[in-house]
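J.: Can you keep this structure in mind? I'll have questions shortly.
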Amino acid sequence: MPRLVLLSDTHGQHGSVSVPDGDVLVFAGDACGAGTPTEWKGFCAWLGTQPHAHKVVIAGNHDWPLQPSIPEWNVRPRYGPTERGQALRRVEDAGAVLLQDSGATVAGLRFWGSPWVPFFYDWAFNLPRGGERLAELRGRIPAGLDVLVTHGPPHGVLDLAASGVHAGCEPLADRLAVLDAEGGAPRLHVFGDIHEAAGVLPPAGVEGRISVNAAVLDLQYRLVRGPVVLDLEAGA
136 MPRLVLLSDT HGQHGSVSVP DGDVLVFAGD ACGAGTPTEW KGFCAWLGTQ PHAHKVVIAG
196 NHDWPLQPSI PEWNVRPRYG PTERGQALRR VEDAGAVLLQ DSGATVAGLR FWGSPWVPFF
256 YDWAFNLPRG GERLAELRGR IPAGLDVLVT HGPPHGVLDL AASGVHAGCE PLADRLAVLD
316 AEGGAPRLHV FGDIHEAAGV LPPAGVEGRI SVNAAVLDLQ YRLVRGPVVL DLEAGA
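Each number in this note's numbering comes from the position in the sequence shown (counting from 1) with 135 added on.
Put into structure tokens, the structure is as follows:
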């Protein structure tokens, strides 16, 4: 049974995180703070030192070096194709699988990952809340997954911001509801982004999809939590 080690939102502090042993290290985005290529280089160097046999990574809204240019979506990168190519190669050199609205089978588990979040202060991987593009991307999430990794949470699940607003993605919640109704929803959903809403649902011993907000920093960017560790049977 593969042991998964889940974390997110280190914002440059990954070197201070005590990372438990496991089979698959899953990082749900926001390795960077300011979003520079140097920060991403440092993260990938750290990632390459981790002993886990498998590593799965998605970008977050601070991870500008991975932002593509998509003119038809009005999505603009901060860095050019050369810097993005270097950033992608660094992930590969670290022995990790980068998922960008794509899937992979890792340690016998079916993964899908997506970095996009509803628009927030014009950071990376932002799309308009309630817009067609975000709904289109959520619609690509396939049935029958073991693990879904998104940077942000679905609306209403471990997404309560300090402002009192549920900041999660509505189309993501809608897609999960459809998959639930059809019997093809992921068994585990890993995300971060909303630091102050970190946690695990449902409580231990309660059946249902496991949702993990794996952010390790609090709202003031202090390292206050460690990674979440759980075992997930392959092919269940």
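Ideal placement from N, C-alpha and C gives every residue a C-beta, glycine not left out.
Please report the distance separating the alpha-carbon of Ala166 from that of Gln235.
T.: Taking the straight line from one Cα to the other gives about 15 Å.
J.: Going by beta carbon distance, what residues of the same chain come within less than 7 Å of Arg211, once the five residues before and after it are set aside?
T.: So the list reads Ser204, once near-sequence residues are dropped.
J.: Which one or two residues does DSSP pair with Ser143 in a beta bridge?
T.: According to DSSP, Ser143 bridges with Ala350.
J.: Ordered along the chain, which non-local residues of its own chain (more than five positions away) have a Cβ less than 7 Å from that of Asp294?
T.: Excluding residues within five positions, the ones whose Cβ falls inside 7 Å are Pro288, His301, Ala302, Gly303, Ile329 and Ala332.
J.: Are the stretch 166-178 and the stretch 195-202 in contact at 8 Å, needing three or more beta carbon pairs?
T.: At 8 Å Cβ cutoff, the stretches touch.
J.: Does the distance from the CB of Ser143 to the CB of Gly164 come in under 9 Å?
T.: It is a contact, given that the beta carbons lie within the stated cut-off.
J.: Among residues of its own chain, excluding the 5 on either side of Val347, which ones have a beta-carbon nearer than 6 Å to its beta-carbon?
T.: Around Val347: Leu141, Val325, Val335 and Val363.
J.: Please report the residue range of the beta strand (DSSP E) in which Leu367 lies.
T.: Element bounds for Leu367: n/a, residue is neither H nor E.
J.: In the DSSP assignment, find the beta strand (DSSP E) that holds Leu160 and state where it starts and stops.
T.: Start and end: Val159 to Phe162.
J.: On the CB-based measure, 16 or more other CB atoms within 10 Å of its CB, does Ser153 come out buried or exposed?
T.: By the 10 Å Cβ count, Ser153 comes out exposed.
J.: Identify every residue that forms a DSSP beta bridge with Trp247.
T.: According to DSSP, which records beta bridges pairwise, Trp247 is partnered with Gly238 and Leu283.
J.: Going by other Cβ atoms of all chains shown within 10 Å of its Cβ, with 16 needed for buried, is Tyr214 buried or exposed?
T.: By the neighbour-count rule (16 or more Cβ atoms within 10 Å), Tyr214 is buried.
J.: In terms of residues, what are the limits of the beta strand (DSSP E) holding Gly266?
T.: No beta strand (DSSP E) contains Gly266, which DSSP labels as neither H nor E.
J.: Using the C-alpha atoms, what's the distance from Asp228 back to Ala308?
T.: The straight-line gap from Cα to Cα measures roughly 34 Å.
J.: Mapping DSSP to helix, strand and coil, what is Val210?
T.: If DSSP states are grouped into helix, strand and coil, Val210 belongs with the strands.
J.: Where DSSP assigns a beta bridge to Val191, which residues make up the other side?
T.: DSSP, once it has assigned bridges, lists Val161 and Val232 as partnering Val191.
J.: Could you give the C-beta distance for Ala242 and Val159, rounded to a whole number, given that I count them as a contact under 8 Å?
T.: Going by Cβ atoms, the distance from Ala242 to Val159 rounds to 5 Å, so yes, they are a contact pair.
J.: Can you tell me which of the three DSSP states Pro321 falls into?
T.: Three-state result, Pro321: coil.
J.: Taking the alpha carbon of Ser298 as the reference point, which residue from Leu244, Leu354, Leu272 and Gly265 has its own alpha carbon closest?
T.: Nearest C-alpha to Ser298: Leu354.
J.: Can you find the residues in the same chain that come closer than 8 Å, C-beta to C-beta, to Ala296, ignoring five residues on each side of it along the sequence?
T.: Contacts found: Ala302, Ile329, Glu331 and Ala332.
J.: Mapping DSSP to helix, strand and coil, what is Pro186?
T.: It is coil, neither helix nor strand.
J.: Please state if the CB of Gly195 and the CB of Ala239 are separated by a distance shorter than 9 Å.
T.: Against a cut-off of 9 Å, the Cβ pair of Gly195 and Ala239 comes out as no contact.
J.: Hey, would you say Pro155 sits closer than 9 Å to Gly327, going by beta carbons?
T.: Contact: no.
J.: To which residues does DSSP link His301 through a beta bridge?
T.: Per DSSP, Leu295.
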